[in-house]
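For the sequence shown, the positions run 16 to 585 when the numbering used here is used. No residue lacks a Cβ here, since even glycine has one placed at the ideal position from N, Cα and C. The structure presented is a predicted model; accordingly, all values stated were derived computationally and were not measured. Input: a single structure, listed below in structure tokens.
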Amino acid sequence: MSTREQQSWKRFGLSVRDLLPDRATLVSLRRDPRRDLIAGITVAIVALPLALGFGISSGAGASAGLATAVIAGTIAAIFGGSNLQVSGPTGAMTVVLVPIIHRYGMPGVLTVGLLAGILLVGLALAKAGDLMAYVPVPVVEGFTIGIAAVIALQQVPAALGLKSPPGDNPAAVAWKALREFMTHAGGWPALVITVAVAAAMLAGAKWLPSVPFSLIGVVGATILVRLVHLPVPVIGGIPAGLQAPSLGFVDLANVPGLLPSALAVAALGALESLMSATAADAMSVSDRHDSNRELFGQGLANVVAPVFGGVAATGAIARTAVNVRAGGVSRLAAIVHALILAVIVFAAAPLVGGIPVAALAGVLIATAIRMVEYTSIAALARSGRGEAFVMAVTAAATLAFNLVTAVIAGLILAGALALRQLSRAAQVRTVGLHEGLTPADHHREERELLAQHIVAYRLDGPLLFATAHRFLLELADMAAVRVMILRLSRISAVDATGARLLSDTITKLSRRGTVVLVSGLSDDHRALLDTLGALDMLAAQGRVFDSTPAAIAYAKNLLQRDGTIKVAQS
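What follows is the structure, encoded as structure tokens:
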């Protein structure tokens, strides 16, 4: 590849070499190993019940959740773009995986993870990580609320001591489970365990945030069940170790049908991982993530995890926050967390198998409640009906449809509201000929005479498709005058539609006998309008001016030449 071709590719995409860990990344692992070791142990304690719970909730099983935390957690930590991110199975991803496992089984879920990983690597090479900055806050908040609601609803059957009824919609499944519970009323021990674990986590997070109440609650519930022999479902047998590496899981026959699900998983993985990395940046003093490297790391993690029986993974906001608060300073903390979970997989699988499913349901319900930033919701609600509406629609669409549909709906609605605000901000104003200019070198009588035949309008704001129709049509309907000066120095943006309508307006005014002059265009806007041919007619007649005084002088000379006015010489 030539040097010019390399520079062109750098502009529009990246190479794999650009995304691999550099020397600075490797050196950072030695920054403070002691703090990273402590943080990694702390995160592993928090991550264990979450990995088990999300694995079970997805339908893939507890061992799949642990495999995901170990394999994806290690690879994403090494190749990702954040020094503080901790990756693994998450509730948001669980929401997407449940329908897939119901329809295609475990091979379908593993195949979707592999395909999504390949897509994420492609997004990283295409520099798609830079687009995260354009996702509006109301969409993110609504997305988070919807995910939290789905996670909580998914735990209802386990909290009631029941097997999950058939169905994809979490609200419908929860309602079926509740009706069954009210009919048989035999799951009270499970419900008590769920409520107790969730209450302990929520209260503990408020009063003693440094204590891992999730693990304490799970261990306490497990001991209680064994001592009292409570009739509640437990996780059951978990094979010691990880699944032997194999690519035989790929469901080739169903790949075409699984592609839409893979797109959804990739989109969700990108969104949640970059949101988590951004949150980590906000909590740290100096760390800043590389969004494209983060997508690359998450992509590799999702390519490799299914080979060992793991499901799709993303950056995890809850575990990442624990890592930062526990003092983690480099990727070594996330690697330590994954290694500790690996030890548990190989050495303590029988003990893990005795954990009550209801206890994990309590952990996930408390996690869902803590996912929602109530202060942010209140602030958005106070900021105006538009942003609150975007948030509500995104959350409702998450519950009613799926996460990708919800985000798309939120982005479309947010974009429509933004265009509406732009339209309201744009305006056309009649201004005095010399408004905002240095005092004109004309007598008062001369200025009054000129004003009888010349009108000046200033266009303020964007000249875009959403705004141009209204105020350019207003111009075309103005009362006939001999000369109209369009002052365009305050145009903030212009697009092809705005340029076309400006050209049409100038043509319409010229046919009515009005001489149109344009002044004050910036170089960037002038170049675009010239490219689109919007000012060709005026440019050919010499009626495009850099400054308004020059346009006024031209208009004055024109009116003198055609005898419209006779201006006394000063």
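Per-residue DSSP class, three states only, for residue i
i                 : result
arginine 118      : helix
aspartate 539     : helix
aspartate 33      : helix
arginine 259      : The sequence shown places alanine at residue 259, rather than the arginine named in the question. Coil.
threonine 390     : helix
glycine 330       : strand
proline 153       : helix
alanine 570       : helix
phenylalanine 588 : Because the chain here runs from 16 to 585, residue 588 falls outside it and cannot be looked at.
phenylalanine 416 : coil
proline 371       : strand
valine 344        : coil
Through-space distance from residue j to residue i, alpha-carbon basis
i              : j                 : result
arginine 435   : leucine 490       : 20 Å
glycine 106    : alanine 139       : 23 Å
serine 276     : glycine 144       : 20 Å
isoleucine 71  : alanine 294       : 27 Å
serine 179     : isoleucine 250    : 14 Å
leucine 230    : glutamate 195     : 30 Å
leucine 395    : phenylalanine 158 : 14 Å
threonine 126  : glutamine 258     : 15 Å
alanine 6      : leucine 223       : Because the chain in this structure spans residues 16 to 585, residue 6 falls outside the shown range and cannot be described.
isoleucine 580 : leucine 544       : 33 Å
valine 150     : valine 530        : 45 Å
glutamine 100  : valine 247        : 35 Å
isoleucine 565 : histidine 304     : One point to set straight first is that residue 565 is alanine, not isoleucine, in the sequence displayed. Their Cα atoms are separated by approximately 51 Å.
leucine 465    : methionine 499    : 12 Å
aspartate 312  : leucine 130       : Sequence inspection shows glycine at residue 312; the aspartate mentioned does not correspond to that position. Computed Cα separation, rounded: 15 Å.
leucine 35     : aspartate 302     : 18 Å
glycine 137    : glycine 96        : 15 Å
serine 73      : aspartate 538     : 56 Å
leucine 473    : arginine 576      : The question names leucine, but residue 473 is arginine in the sequence shown. About 26 Å.
Residue range of the unbroken beta strand (DSSP E) whose run includes residue i
i             : result
glutamine 442 : 442-446
leucine 478   : 469-478
valine 509    : 506-509
leucine 177   : It is not in any beta strand (DSSP E) - leucine 177 carries neither H nor E in the DSSP assignment.
leucine 532   : 530-534
Residue i, enclosing alpha helix (DSSP H) - first and last residue
i                 : result
leucine 501       : Looking at the DSSP string, leucine 501 is not in any alpha helix (DSSP H); the run it does join, the beta strand (DSSP E), is 498-502.
leucine 4         : Nothing about residue 4 can be reported from this structure: the residues present for the chain run from 16 to 585 only.
phenylalanine 264 : Note, phenylalanine 264: premise wrong, no alpha helix (DSSP H); not H, not E.
proline 275       : 270-298
valine 226        : No alpha helix (DSSP H) holds valine 226; DSSP gives it neither H nor E.
valine 351        : 347-362
serine 43         : 38-43
valine 191        : One point to set straight first is that residue 191 is lysine, not valine, in the sequence displayed. Run containing lysine 191: 185-199, per the alpha helix (DSSP H) assignment.
valine 61         : 48-73
aspartate 551     : 551-555
leucine 99        : Taken as a continuous stretch (DSSP letters only), leucine 99 belongs to no alpha helix (DSSP H), as it is neither H nor E.
alanine 82        : 77-94
Cβ-based burial, residue i [other Cβ within 10 Å; buried from 16]
i              : result
asparagine 98  : buried
valine 509     : buried
glutamate 309  : buried
asparagine 572 : exposed
isoleucine 469 : buried
glutamine 170  : buried
isoleucine 427 : exposed
glutamate 450  : exposed
leucine 574    : buried
alanine 415    : exposed
Integer-rounded CB distance, given that residue j should sit under 8 Å from residue i
i              : j           : result
proline 48     : leucine 347 : 6 Å
glycine 176    : alanine 373 : 6 Å
leucine 418    : alanine 59  : So it is not a contact: roughly 28 Å between Cβ atoms.
methionine 141 : leucine 168 : Checking the sequence shown, residue 141 turns out to be alanine, not methionine. The pair is not a contact, with the Cβ atoms about 35 Å apart (cut-off 8 Å).
Closer than 8 Å: residue i CB and nearest the ligand MG heavy atom
i             : result
isoleucine 93 : Questions concerning the ligand MG fall outside what the structure shown contains, since it holds no ligand whatsoever.
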